[in-house]
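So the sequence shown is numbered by full-length UniProt numbering: it starts at 1 and just counts up by one.
Yeah, the Cβ is synthetic: ideal placement off N, Cα and C, and Gly gets one too.
Data block below; observations after.
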Amino acid sequence: MIEEAIIKFPEISLQKVTTFLKNNPEIVKQLEISRNLVYIIENLNINVVSISFDNVKKAQKIKKQYGFLGNDALLIETMFECGIYNLATNDKDFEIIPDIHIYKPTYC
1 MIEEAIIKFP EISLQKVTTF LKNNPEIVKQ LEISRNLVYI IENLNINVVS
51 ISFDNVKKAQ KIKKQYGFLG NDALLIETMF ECGIYNLATN DKDFEIIPDI
101 HIYKPTYC
């Protein structure tokens, strides 16, 4: 949603876009991309997994071991719990995890 708002309203700075959207619910109603993404994801034949509080607790060990921020640690913990060891990312932080295989997307 933020990305779409930035494209549609380039005069609004990145720092102010969230406040702008909160103060303009009529504009939020017009933003379609994030609403449509739900249906696109649903048709991709992928599983969306739930995050439990147990995952959050286990992620603390990953934060301590690798120095990751919360979301990155939670991603790795959830991947391991689901038996997923492949990750598509250009974030170099994940390269220190020996058990995962990283695929680095490139743009044509």
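Cβ-Cβ separation, residue j to residue i (assumed contact under 8 angstroms), whole Å
| i | j | result |
| --- | --- | --- |
| N55 | L74 | 6 angstroms |
Exposure label - residue i; buried when at least 16 CB within 10 Å
| i | result |
| --- | --- |
| D72 | buried |
| I97 | buried |
| I62 | buried |
Sub-8 angstroms separation of residue i and residue j beta-carbons
| i | j | result |
| --- | --- | --- |
| A59 | E77 | yes |
| E4 | I33 | yes |
| F94 | I84 | no |
| K104 | N86 | no |
| V28 | L37 | no |
| I7 | V17 | no |
| M1 | L44 | no |
Start-to-end residues for the beta strand (DSSP E) that takes in residue i
| i | result |
| --- | --- |
| Y103 | 101-103 |
May I have a chain-ordered list of the beta strand (DSSP E) segments no shorter than 3 residues that lie completely inside the UniProt domain "PIN" (9-97)? 86-88, all fully within the UniProt domain "PIN" (9-97).
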